[in-house]
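In the working numbering, the protein residues as written are 11 to 165.
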């Protein structure tokens, strides 16, 4: 087995858990909110906070690190738009998506959990935070799907 094969496997594994974690946790918390029961909502958001900090953060970091090592192992160009445009897009969009996940998505999960734990699940602040989180989380998911498409089709 080639060394590059191991890193591409880890890169894809990280991407699958990153996207899968975002998808499952958004459904998990939405279903909990749909019950209208505060205890279930608190439990779902508290659990989601831990999974975002553990699973999603680890998967996103694995994706970025494995991608960087893959670039080194395969001796591909860094951030050069004309050599292989699909790779340039993957580098730029992947890094932006990682930063959005790190700076917004994961902290927002923590903020929602704290609001829920304080019993503020009916507050306008909680509802607004849920809407903003859903929009940004959906954008991150779409970007990750686009990156998977780029890698599969190699534009």
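Here a beta-carbon is modelled for each residue, glycine too, at the ideal position from N, C-alpha and C.
Does residue i pass the burial test, meaning 16 or more other C-beta atoms within 10 Å, or should it be called exposed?
i           : result
residue 28  : buried
residue 97  : buried
residue 95  : exposed
residue 64  : exposed
residue 159 : exposed
residue 15  : exposed
Taking Cβ positions, are residue i and residue j nearer each other than 7 Å?
i           : j           : result
residue 62  : residue 110 : no
residue 157 : residue 81  : no
residue 83  : residue 31  : no
residue 120 : residue 43  : no
residue 114 : residue 146 : yes
residue 55  : residue 39  : yes
residue 125 : residue 136 : yes
Which value, in whole angstroms, describes the spacing of the CA atoms of residue i and residue j?
i           : j           : result
residue 52  : residue 123 : 7 Å
residue 102 : residue 130 : 38 Å
residue 37  : residue 141 : 13 Å
residue 70  : residue 148 : 16 Å
residue 162 : residue 46  : 41 Å
residue 41  : residue 35  : 10 Å
residue 127 : residue 13  : 46 Å
residue 106 : residue 18  : 20 Å
residue 87  : residue 93  : 7 Å
residue 143 : residue 150 : 10 Å
residue 72  : residue 50  : 31 Å
Would you please verify whether the beta carbon of residue i is less than 7 Å from any beta carbon of chain C?
i          : result
residue 82 : Structure shown: chain C not included; a single protein chain is present.
Original post:
Counting pairs of Cβ atoms below 8 Å between the stretch 63-77 and the stretch 16-35, do you hit three or more?
Top reply: yes
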